[in-house]
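All remarks here apply to the structure that follows.
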Amino acid sequence: MTTLARDAVLARIKEVVGPKGWTTDPHEVEPYLVEQRGLYRGATRMVVRPAATEEVAAVVRICAAAKLPIVPQGGNTGLVGGGVPPEDGDNIVLALQRMNRIRAIDPLNYTVTAEAGVVLADLQKAAEEAGRLFPLSLGAEGSCRIGGNLSTNAGGVGVLRYGNARDLALGLEVVLADGQVWDGLRGLRKDNTGYDLKQLFIGGEGTLGIITAACLKLFPRPREIETAFIALERIDDVMEVFSRARAASGDQLTAFELIPRIGLEFGIRHVPGILDPIARPYPFYALLEVSSSQPGSGLRAALEEFLAAAMEAGLVQDGVVAASAGQAKDLWRIREGVVEGQIPEGGSIKHDVSVPVSRVAEFVRRATAASEARLPGIRPVAFGHVGDGNIHFNLSQPPGADRAAFLARWHEFNEIVHGIAAALGGSISAEHGLGRLKRDEIARYKSPLELDLMRKMKRALDPDGIMNPGKVIPEPR
Numbered sequence: 020m021t022t023l024a025r026d027a028v029l030a031r032i033k034e035v036v037g038p039k040g041w042t043t044d045p046h047e048v049e050p051y052l053v054e055q056r057g058l059y060r061g062a063t064r065m066v067v068r069p070a071a072t073e074e075v076a077a078v079v080r081i082c083a084a085a086k087l088p089i090v091p092q093g094g095n096t097g098l099v100g101g102g103v104p105p106e107d108g109d110n111i112v113l114a115l116q117r118m119n120r121i122r123a124i125d126p127l128n129y130t131v132t133a134e135a136g137v138v139l140a141d142l143q144k145a146a147e148e149a150g151r152l153f154p155l156s157l158g159a160e161g162s163c164r165i166g167g168n169l170s171t172n173a174g175g176v177g178v179l180r181y182g183n184a185r186d187l188a189l190g191l192e193v194v195l196a197d198g199q200v201w202d203g204l205r206g207l208r209k210d211n212t213g214y215d216l217k218q219l220f221i222g223g224e225g226t227l228g229i230i231t232a233a234c235l236k237l238f239p240r241p242r243e244i245e246t247a248f249i250a251l252e253r254i255d256d257v258m259e260v261f262s263r264a265r266a267a268s269g270d271q272l273t274a275f276e277l278i279p280r281i282g283l284e285f286g287i288r289h290v291p292g293i294l295d296p297i298a299r300p301y302p303f304y305a306l307l308e309v310s311s312s313q314p315g316s317g318l319r320a321a322l323e324e325f326l327a328a329a330m331e332a333g334l335v336q337d338g339v340v341a342a343s344a345g346q347a348k349d350l351w352r353i354r355e356g357v358v359e360g361q362i363p364e365g366g367s368i369k370h371d372v373s374v375p376v377s378r379v380a381e382f383v384r385r386a387t388a389a390s391e392a393r394l395p396g397i398r399p400v401a402f403g404h405v406g407d408g409n410i411h412f413n414l415s416q417p418p419g420a421d422r423a424a425f426l427a428r429w430h431e432f433n434e435i436v437h438g439i440a441a442a443l444g445g446s447i448s449a450e451h452g453l454g455r456l457k458r459d460e461i462a463r464y465k466s467p468l469e470l471d472l473m474r475k476m477k478r479a480l481d482p483d484g485i486m487n488p489g490k491v492i493p494e495p496r
């Protein structure tokens, strides 16, 4: 299409969304073009910021008629390049930040209906004010948006108890690639009337349609929360303690996070306010949280009894149980510091994998040994939500190594780590999605039949390929 024709298409879009609904100002457009790790930088003709579902639908109809690609974007906090536009610039970025209304909260039905642009932390706050809990929680919750969380099937620290984003969604409102609006905003726990259409769009990263609103599950608000930070000698001990903690807590274990010694040291070294809560160093630590909606449930006594038994069995070497909400926050700050502390240590090759919980220890041992054998001095940092089998296996460069040369080996180490995860029955993407970063690599781990089914769904719902092109689905070889 000629530049003149494209300009006419953009002019029609501007009319639909009004002067507040679009921008081509380079300074305003810039944040929409870059992935936060700096791995990708794209270009776009215009950033479009609709304020309502009807505007989204009208914009999509215009783009569909002109075959102009659309890149949906929420908070742009993703880690696989899924929200970054292509470099050719022949697209619009459709940003949903202005669609930020909580449409309804039904405390008796334990549901909240929210537009896609609602910031996750604001959604959590709205649920809390209604005496309920929205349990999705992750590091970017102050800036990520619920539409993006659903589009990437976000995980976070509460998956062990409450499930991924897809487990929290009861219904969706979606604008399809031809501009039709599917209203599936049903707050039903049971609806056995055929295909569960919402699941096509959750985890689809905007390649099949644009989520504009969602009806989400709420839960009773926790009235009693206990947090412990424990030290262990072996990765196998970590997983044995997890198994015992789940049983001992009456399945009230909310979170169980692995922290390696090197991750704690990075945090102490680079993140203000982080201190070692244990008197002497140990190879591994676990941060665990139990919670109950019933005050006075005796959780603390049960936790202390469990830890005493685990110490007597030689599994737990030492530990701290938070004596206050402030101390619990400090312990959780250690977990956050594992991520922040890696940045000043130089290049980091990152992996977001999952394996069956019973294989976590084996994965960490094998992936660590293979990485160290390939590059002596490399520093594996295995951490994360091991209670649900999700390990963030990051590789920090050897001290003094050239950062660029190290990062140039990204795919080499991906092949090692992802190969081990796949051999153990795991996945190369546990919670970050595929986006552009893992789009082509997934062809090595999914069967030809799985890939064919994905492509057929894409062709059926987006025959002209305008929805977030170049993401998720690899080109046929």
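Mapping of the sequence shown onto the working numbering: residues 20 to 496, in sequence order. Even glycine gets a Cβ: it sits at the ideal position worked out from N, Cα and C.
* Hey, quick one: how far does the alpha helix (DSSP H) through Ile254 stretch, first residue to last? -> Ile254 to Ala267 is the extent of the alpha helix (DSSP H) around Ile254.
* Identify whether His451 lies in helix, strand or coil by the three-state DSSP scheme. => Residue state, collapsed to three classes: coil.
* **Neighbourhood of Arg205 by C-beta distance below 7 Å, restricted to the same chain and skipping five residues each side** => Annotation for Arg205: Leu189, Gly190 and Cys234 place their beta carbon closer than 7 Å to its own, counting only its chain and skipping 5 residues before and after.
* With 16 other CB atoms within 10 Å as the buried threshold, where does Ser373 fall? -> Burial state of Ser373 is buried, judged by a 10 Å Cβ sphere holding 16 or more other Cβ atoms.
* Complete beta strand (DSSP E) runs within the segment 26-97 (minimum length 3 residues, chain order) -> Runs of the beta strand (DSSP E) inside the segment 26-97: 65-67 and 89-92.
* Secondary structure at Val137, three-state DSSP: helix, strand or coil? -> In the three-state reduction of the DSSP assignment, Val137 falls in the coil class.
* Asked: Whose C-alpha, out of Gly40, Pro399 and Val99, is nearest the C-alpha of Gly57?
  -> Nearest C-alpha to Gly57: Val99.
* Who are Ala232's beta bridge partners in DSSP? -> Checking the DSSP bridge columns, you'll see Ala232 partnered with Glu134 and Glu192.
* **Endpoints, the beta strand (DSSP E) within which Glu359 is located** => Secondary structure note for Glu359: it is in no beta strand (DSSP E), and the uninterrupted alpha helix (DSSP H) holding it is Ala344 to Glu359.
* Asked: Which class does Asn487 belong to by DSSP, given the choice of helix, strand or coil?
  -> In this structure, Asn487 counts as coil in the three-state DSSP scheme.
* Asked: Sorted by chain position, which residues of the same chain lie with C-beta nearer than 6 Å to Asn110's C-beta, five sequence neighbours on each side aside?
  -> These residues qualify, in order along the chain: Thr63, Pro88, Val90 and Pro104.
* To do: Can you give me the start and stop residues for the beta strand (DSSP E) that Phe303 sits inside?
  => Bounds of the beta strand (DSSP E) holding Phe303 are Phe303 to Ser311.
* Asked: Can you check whether the CB of Phe432 is closer than 8 Å to the CB of Ile368?
  -> Yes.
* For the putative contact between Asp295 and Leu283, defined by C-beta atoms under 8 Å, what is the C-beta separation to the nearest angstrom? -> Contact between Asp295 and Leu283 holds, with the beta-carbon distance rounding to 7 Å and staying under 8 Å.
* Asked: Which ranges would you report for the alpha helix (DSSP H) in the segment 369-457 if only whole runs of at least 4 residues count?
  -> With a minimum length of 4 residues, the unbroken runs of alpha helix (DSSP H) contained wholly in the segment 369-457 fall at 379-393, 422-426 and 429-442.
* With DSSP collapsed to three states, give me the class of Gly338. => Gly338: strand per DSSP, three-state reduction.
* Asked: Is DSSP giving Pro363 helix, strand or coil here?
  -> Pro363: helix per DSSP, three-state reduction.
* Asked: Does DSSP classify Asp202 as helix, strand or coil?
  -> If DSSP states are grouped into helix, strand and coil, Asp202 belongs with the strands.
* Asked: Quick one: Cα of Arg474 to Cα of Arg385, how far?
  -> Distance between the alpha carbons of Arg474 and Arg385 is about 34 Å.
* Just mark Ala392 as buried or exposed, buried being the case when its beta carbon has 16 or more other beta carbons within 10 Å. => Residue environment for Ala392: exposed (fewer than 16 other C-beta atoms within 10 angstroms of its C-beta).
* **Rounded C-alpha distance that separates Arg151 from Asp483** => Straight-line Cα distance between these residues: approximately 42 Å.
* Assigned secondary structure, Asp471 (DSSP; H/G/I helix, E/B strand, else coil) -> Helix at Asp471.
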